[in-house]
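Positions in the sequence shown are counted from 1; adding 268 to them yields the numbering used here. Where a beta carbon is used, it is the ideal one built from N, C-alpha and C, also for glycine. Have a look at the structure below before the remarks.
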Amino acid sequence: MSLKDTETKRYISRPEIFADAFNFLLYNGEQIIRPEALQSVDTTEIVAPYGNGAKVPVQKYRDNMKIWAAMQDGKAVYVLLGSENQSKVHYAMPVKDMLYDSINYAAQVDASRKSYKDFKFDDNGVKITLSSEEFLSGFRKGDKLIPVITAVVLFDSDEWDAPLSIHEMLDVDERLLPFIPDYKINLIAPAKLSDDSFATREHGGKFRTGFGTLMQVIKHQNEIGVYDIIRDAPDVDAASAEIIAEIANIPIEIIPDEKGEVNMCKGIELYMIKAKAETLIEAFRDMGMPDEEIAERVSRKLNVTIDYVKELMMPKAV
């Protein structure tokens with residue numbers, strides 16, 4: 269796994285970012301999913317190939333998986349939400365997603381079968397009796413599966429020109445398509461998002477965290493105007509600022525305020541000041557100038573404190 273993939277996986281795992289992405293995908297930005305209602309679950313999908321008695325299990329690793337406790341009619345209804353982060357377009361994504369979700373559904377059926385072997389009574393103390401069909405299925409007539417929804421998040425400015433469904437991957441007589449189950453992916457790709465989506469939260473934008481700013485910067489990262497986007501962006505959390513700097517290759521000095529947020533415009537300005545200061549320090553040292561004089565000169569030239577310059581002059585930790 270590349271560093272970029274590792275960083276995006278860690279980033280999306282943050283509950284507030286995860287919730288923001290799924291609120292955009294499922295509810296057009298309406299704040300339905302709350303970060304505190306999300307709980308991380310094991311991302312390892314392990315299950316024997318369903319129904320064939322094989323001894324060798326299938327093992328897959330999702331990028332992120334959380335269970336969402338949604339409230340419906342006064343009671344909790346659970347939904348499994350998974351994310352697959354892509355640094356590049358994936359031309360077989362519908363198959364990949366279908367496999368992950370199918371393994372999860374099969375695991376739920378397997379868990380149901382095991383539960384009826386381990387527990388003889390239901391929550392009300394009533395003895396559980398299975399019909400022959402239920403015993404064979406490992407699933408009772410009234411049992412329900414927990415729904416699984418997977419989001420594919422592209423961290424790249426390229427257009428997604430890959431298939432969005434299983435049907436798009438087939439080359440068959442169209443009369444056969446109604447008999448072939450389809451599977452569609454749920455895609456969040458910066459190039460496909462309208463700029464209206466990125467408006468600030470005060471002006472009807474569909475994002476509530478720095479995830480929206482990240483998507484906008486990625487979409488325009490190869491354009492001159494990307495610096496205007498950063499200049500006008502609302503303050504973002506430090507994690508979003510760091511991933512923006514990493515993915516978009518835009519130098520930003522990450523200095524969070526008391527709220528833990530980073531002013532992106534100021535972050536770029538501070539980076540430029542730091543770069544100039546380090547260049548001057550090196551040049552003055554090459555001239556043999558004493559450190560005290562260097563600190564004073566750089567401080568006056570760049571209008572920064574002497575303490576700030578002295579901190580930059582300290583040996584870097586290895």
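Beta-carbon separation of I301 and F479 under 7 Å?
no
If you reduce the DSSP assignment to three classes, tell me which class N597 lands in.
Outside the displayed span of the chain (269 to 586) sits residue 597, for which this structure offers no information.
Just to confirm, are Y346 and I417 a CB contact at a threshold of 7 Å?
no
What is the rounded straight-line gap between the Cα of V440 and the Cα of N454?
24 Å
What did DSSP end up calling D588 once you bin it into helix, strand or coil?
The shown model of the chain, from 269 to 586, leaves out residue 588, and the question about it has no answer.
Could you check the C-alpha separation between I574 and M540 for me, to the nearest Å?
17 Å
Roughly how many whole angstroms lie between the Cα atoms of E514 and K272?
8 Å
Which residues in the same chain have their Cβ closer than 8 Å to the Cβ of Q376, if we skip the five residues on either side of it in sequence?
L413 and I414
Identify, in the order they occur along the chain, each residue of the same chain with its Cβ nearer than 7 Å to the Cβ of K487, setting aside the five sequence neighbours on each side.
S425, P458, A459 and L461
Other residues of its chain near E510: CB distance less than 7 Å, five sequence neighbours each side excluded
I522
What separation, rounded to the nearest whole angstrom, lies between the Cα atoms of P431 and E304?
34 Å
At a cut of 8 Å, does the stretch 391–406 reach the stretch 363–376 through at least three beta carbon pairs?
no
Using the three-state DSSP reduction, which class does F292 fall into: helix, strand or coil?
helix
Which same chain residues end up closer than 6 Å to Q489 when comparing Cβ atoms and leaving out the 5 residues on each side of it in sequence?
S425 and A516
Flag this pair as yes or no: are the beta carbons of T481 and A501 separated by less than 7 Å?
yes
Given a cut-off of 7 Å on the beta-carbon distance, is the pair N332 and T276 in contact?
no
Do I562 and I549 have their C-beta atoms within less than 7 Å of each other?
yes
Other residues of its chain near K578: CB distance less than 6 Å, five sequence neighbours each side excluded
A563
On a Cα-Cα basis, can you pick out the residue from L538, Y384, K452 and S380 that is closest to S433?
K452
Mapping DSSP to helix, strand and coil, what is Y355?
With the sequence shown as reference, residue 355 is identified as Ser, and Tyr is not the correct amino acid for it. S355: coil per DSSP, three-state reduction.
Measure the alpha-carbon distance for D288 versus V504 and round it to whole angstroms.
13 Å
Name the DSSP bridge partner or partners of G350?
M333 and T418
Inter-residue Cα distance where the pair is V485 and M437
31 Å
Considering I456, what are the terminal residues of the beta strand (DSSP E) in which it resides?
N454 to I456
In DSSP terms, what M339 is bridged to
A344
Since Y384 and L398 are thought to touch, with beta carbons under 8 Å apart, how far apart are those beta carbons, to the nearest angstrom?
6 Å
What residue range is occupied by the uninterrupted alpha helix (DSSP H) comprising S433?
Here S433 belongs to no alpha helix (DSSP H), and DSSP marks it neither H nor E.
On the DSSP bridge assignment, give the partners of S380 in chain order.
For S380, which the question treats as bridged, DSSP gives no partner whatsoever.
Tell me Q307's beta-bridge partners as DSSP assigns them.
I335
What does the alpha-carbon distance come out to for the pair N296 and D464?
12 Å
L570 versus L580 - alpha carbon distance
13 Å
Cβ separation of K587 and Q307, assumed to be a contact under 8 Å, to the nearest whole Å
Look at the range of the chain in this structure, 269 to 586, and you will see that residue 587 is not part of it.
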